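Protein sequences appear in the order of chains H and D. At the far end of the first sequence sits residue 497, using the working numbering, and the numbering has no gaps. At the far end of the second sequence sits residue 497, using the working numbering, and the numbering has no gaps. Ideal Cβ placement from N, Cα and C applies to all residues, glycine included. All values reported here derive from a predicted model rather than from experimental measurement. Everything below concerns the one structure shown next.
There are 2 protein chains.
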Amino acid sequence: MNQSTEQKFWALLKQQSAYEEAIGLMAWDMRTKAPKKGIDNRSEVIGILAEKVHHIQTSEEISKYIEELKPKADDSKLRSALEDAEETFNRTNKIPAQLYKEFVTLQSSSESKWAEAKENGNFKKFQPYLEELVRYNQRFAELWGYKNHIYDALLHNYEPGVTVKQLDQVFPKVRDALTKLLNNVQLADAAPDPSLLQGHFPKQRQEQFSKEILKKMCYDFDAGRLDETIHPFAIGLNRNDVRVTTKYDEKDFRTAVFGTIHEGGHALYEQNIDPELSFTPLATGTSMGIHESQSLFWENFIARSREFWENHYPLFQSFAPERFKQIALDDFFFAVNEVKPSLIRIEADELTYCLHIMVRYELEKALISGEIKVKHLPELWNEKMKAYLGIVPHNDSVGVLQDIHWAGGDFGYFPSYALGYMYAAQFDAAMRKDIDVAGAVRSGDFQLIKEWLTKHIHQFGKTKKPLMIVKDVTGDGLNPDYLISYLTNKYKGIYQF
Amino acid sequence: MNQSTEQKFWALLKQQSAYEEAIGLMAWDMRTKAPKKGIDNRSEVIGILAEKVHHIQTSEEISKYIEELKPKADDSKLRSALEDAEETFNRTNKIPAQLYKEFVTLQSSSESKWAEAKENGNFKKFQPYLEELVRYNQRFAELWGYKNHIYDALLHNYEPGVTVKQLDQVFPKVRDALTKLLNNVQLADAAPDPSLLQGHFPKQRQEQFSKEILKKMCYDFDAGRLDETIHPFAIGLNRNDVRVTTKYDEKDFRTAVFGTIHEGGHALYEQNIDPELSFTPLATGTSMGIHESQSLFWENFIARSREFWENHYPLFQSFAPERFKQIALDDFFFAVNEVKPSLIRIEADELTYCLHIMVRYELEKALISGEIKVKHLPELWNEKMKAYLGIVPHNDSVGVLQDIHWAGGDFGYFPSYALGYMYAAQFDAAMRKDIDVAGAVRSGDFQLIKEWLTKHIHQFGKTKKPLMIVKDVTGDGLNPDYLISYLTNKYKGIYQF
């Protein structure tokens, strides 16, 4: 029997997806289980399979199928798959193989130089590498092309359809509102006592609590598992095998509890994608920002809410040291919602987090467009930290050198974190119009919430672009008011100003 | 730069080996960690990657490289790799794709029919499937070809170079000697008390003990790990990632202790293959039988020896229930070496084990050559069990239906188990000429033994065929006297006859 072109197209995507699933499992394994001596060999294997994926994505064969099928594609799944494949084909083929190879080499030497520079707080040592990385990103951006701003071409990798023009309309509003809000918090009379939260939390009990909460979130353990790692992540191998990882700090339960819920939010997204999309590149989250909206929604909008702890504090107490029985819910709740400007992004609370992103977005946009120079970064970084967060790093290790992203050559990535917050606030507001979220959280029954998310967001996978989901769910475009008003209301209530 | 044909040949083998490593990890994962709902998807992915391996093995491309390189191959690694690739190419291409596809379908329906038949002790239901499986194996054997006996063509899949002629010279000697030995054991006055070994053995303590023993065996935990599974196995993903699995029975420590040591023996083999062979099909054990010789050597010749327990009994006691402190070493040692004819192969002791294999070998050889019919199997099975082991199954579930091998279409596989015992005895005797094995075991320092095995067996991977290793190590061919004399001496000593 002869296969139709459409069948051949799906078969090729299925092959690609098989490679990707194998790569995904190997990556999970390297970060959770693999013995250290096997890592080099495994990395080579991943490289070989990644090369196969690249080969399919840029092949004459796929290009031929796209050409042939596009004019007559009448169902939406096929259209989405063709668009996705065509875009990948075009973007990937625009970068000459030699140029990309140089970039990969640069990436890996830069990452180790960065680690060294960070260790010693020595930005100068890293500066020439960063200059090169910026130049490569500029060349890629030119090759990919853009309409208005060169940085748009990079943004597109993480948040397709979002532009500098849009960000520049909303980010300054978020920045100014949060800076003002932070100021109010700092002037407030009320203050939490985070020392309440200290204690010894045996790993095993944290693990049990984490599993209980994941189950309540409707994370399906028959289609996933929870493991330990150093840098937590969630990974969807297929919708029936979506794994969560977490880290246990025996001195601070917040790392695992909020971390697991965060990754659980990512995992729920991947577990609830329409099975029709399986074995296609559409069977994953649609963008970094939408993915982050799902993890942040669960971590903050749900698990840092008062309703959540009204229900789950007794469960937490049953796993926590005895003395938590003496700590009142209100004091506990206030302590886990402490706002405190931090030098380090990944330690930031939900109120100040986006300010860290604003620092990075403004700087990397200006770097890529050539408005500022790499050598001025530390100084500019410190100025912005002072202006937005009111604190200044005492050295570059806890300043401009703290994140790996730029060292890995990733520019255009940071905005997705702030977009994730904004999307989450917009989705949260829309959800509260439809269903009784507070009631569900208070009763500890998240089924309704999970169903709402599946219906409005998860099921679509990559068939809808980020802003299309926002539009369909909220009837609105990207709108900073939701995040601002959520944070204002919440912290006004907590800090009583 | 243009690649030479040899470089292209190695690159192709490296690709194949990358697929195989990915498949291996996925298989390990399915049997240890994977969530149940993800299994179907994962199986499809494995199928797709296995198809890629098959495609390489049977490609025009590899055939061209073989043709071109064979006449001028002057180093032994290249020669071995060419021979291996050529043999795979020839054998695989001899089976028409359609015929093989039918066989795969038959295999999977047969396995489920077999499970059903075993459950109900109903051989008749399974009979037509087994008849078909025999016919397919006969056709494959004819297509592959053979010199003397049709069964040789099947043997070749598991023990290349070993023939019916050789087996028929040695197996009857083993069979008759063991039957006689069993008889002597059963007539002896001395008897062990296996009830001594009963108790509650918490999984965690068994795991700790298992890990201690693996470390002492020089199993490298930086290049491997130990996990739990239902049907234990060891798997070499690459020489720096060789994983052991085991099963913990909290009522019987022997399952995990001897099982882990057995799998550890397999793992040591894979960990100590010459790194030069990495990323080629030569980087694995040379045959089923030689592999089994390594696991059996450690499980029986080492870990069921008196010297072993002289050293390790105190360590065992420290992990075992308190009352083992009252059990004398001699009584313990006798109990773990109890000889007792069992209906079930996988429950057999080291003395009777090979008798189970003789039953199977004689029957499957006669089936394939057409001397006997499938419908007579249960009757013939029971006759042979009576004759060799002195016991008769009360129903076919614990008789002819007990093993999955035939239901999976695997004929020619069983002899490797008995060959493993014979090889192990030959290697053991050779080793004792070179080094003080008993002294090493008694002192609990296995480094010398591991080095001997690496030097004489492990390092070669698949570059030496099984009988070549036997010849090089022992100066002898396949010789049953070593196994017979090892078992006779050991059990004469223990049972005092």
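Residues sharing a beta bridge with residue i, DSSP
i, result
"R116/D", "In the sequence as presented, Arg is not what sits at residue 116/D; that position holds Glu. In DSSP, E116/D forms no bridge with anything."
"I235/H", "R243/H"
"L226/H", "V244/H"
Interface flag, residue i vs chain D, CB-CB below 8 angstroms
i, result
"G461/H", "no"
"K37/H", "yes"
"R205/H", "no"
"S504/H", "Because residue 504/H is not part of the residues shown, which for chain H are 1 to 497, the question remains open."
"R42/H", "yes"
"E21/H", "yes"
"A18/H", "yes"
Cβ pair residue i, residue j closer than 8 angstroms
i, j, result
"G289/D", "E159/D", "yes"
"E13/H", "A81/H", "The identity of residue 13/H in the sequence shown is Leu, whereas the question assumes Glu. Cβ atoms of L13/H and A81/H: closer than 8 angstroms."
"Q166/D", "L363/D", "no"
"L351/H", "Y388/H", "no"
"N311/D", "V441/D", "yes"
"A320/H", "F411/H", "no"
"Y353/H", "F414/H", "no"
"P341/H", "L133/H", "no"
"L154/H", "K94/H", "no"
"Y65/H", "T163/H", "no"
"V185/H", "P480/H", "no"
"V374/H", "N382/H", "no"
"P35/H", "F297/D", "no"
"S278/D", "N41/H", "yes"
"S510/H", "F89/H", "A query on residue 510/H cannot be resolved here, the shown segment of chain H reaching from 1 to 497 and no further."
"V359/D", "K386/D", "no"
"L282/H", "D84/H", "yes"
"Q402/H", "I344/H", "yes"
"F446/D", "K211/D", "no"
"E307/D", "A190/D", "no"
"S416/D", "H149/D", "no"
"A22/D", "F497/D", "no"
Min CB distance residue i to chain H below 8 angstroms
i, result
"N122/D", "no"
"I48/D", "yes"
"V53/D", "no"
"V45/D", "yes"
Contact test: residue i Cβ vs the ligand ADP heavy atom, cutoff 7 angstroms
i, result
"S110/H", "For the ligand ADP, the structure offers nothing, since it holds no ligand at all."
Evaluate contact between the stretch 233-248 of chain H and the stretch 256-272 of chain H, counting only Cβ atoms and requiring at least three cross-stretch pairs below 8 angstroms.
-> yes
Stretch pair the stretch 223-242 of chain D + the stretch 267-281 of chain D: three plus CB contacts closer than 8 angstroms = yes
Report yes or no: do three or more beta-carbon pairs, one from the stretch 335-353 of chain H and one from the stretch 193-205 of chain H, lie closer than 8 angstroms?
-> yes
Members of the stretch 23-34 of chain H that neighbour chain D once the beta carbon cut-off is set at 7 angstroms = L25, M26, D29, K33 and A34
Does the stretch 106-126 of chain H come within contact of the stretch 383-400 of chain H, defined as at least 3 CB pairs closer than 8 angstroms?
-> yes
Looking at C-beta atoms only, is the number of pairs between the stretch 30-48 of chain D and the stretch 16-32 of chain H that lie closer than 8 angstroms three or more?
-> yes
Could you name the residues of the stretch 236-258 of chain D whose beta carbon sits closer than 7 angstroms to any beta carbon of chain H, in the order they occur along the chain?
-> L237, N238, N240 and D241
Does the stretch 460-478 of chain H come within contact of the stretch 274-294 of chain H, defined as at least 3 CB pairs closer than 8 angstroms?
-> yes
Could you tell me whether the stretch 102-110 of chain H touches the stretch 398-409 of chain H, using the rule of 3 or more Cβ pairs below 8 angstroms?
-> yes
Are there three or more Cβ pairs, one per stretch, closer than 8 angstroms when the stretch 470-486 of chain D is compared with the stretch 409-428 of chain D?
-> yes
Near-chain D residues of the stretch 203-234 of chain H - C-beta to any C-beta below 9 angstroms = D220, F221, D222, A223, G224, R225 and D227
Taking a Cβ distance cut-off of 9 angstroms, strictly less, list which residues of the stretch 2-17 of chain D are near chain H, in chain order.
-> K14, Q15 and S17
Specify whether the stretch 430-438 of chain H and the stretch 487-497 of chain H touch according to this definition: at least 3 beta carbon pairs, one from each stretch, less than 8 angstroms apart.
-> no
Name, going along the chain, the residues of the stretch 275-289 of chain H whose beta-carbon falls closer than 9 angstroms to a beta-carbon of chain D.
-> S278 and F279
At least 3 beta-carbon pairs within less than 8 angstroms: the stretch 25-41 of chain H vs the stretch 61-70 of chain H | no
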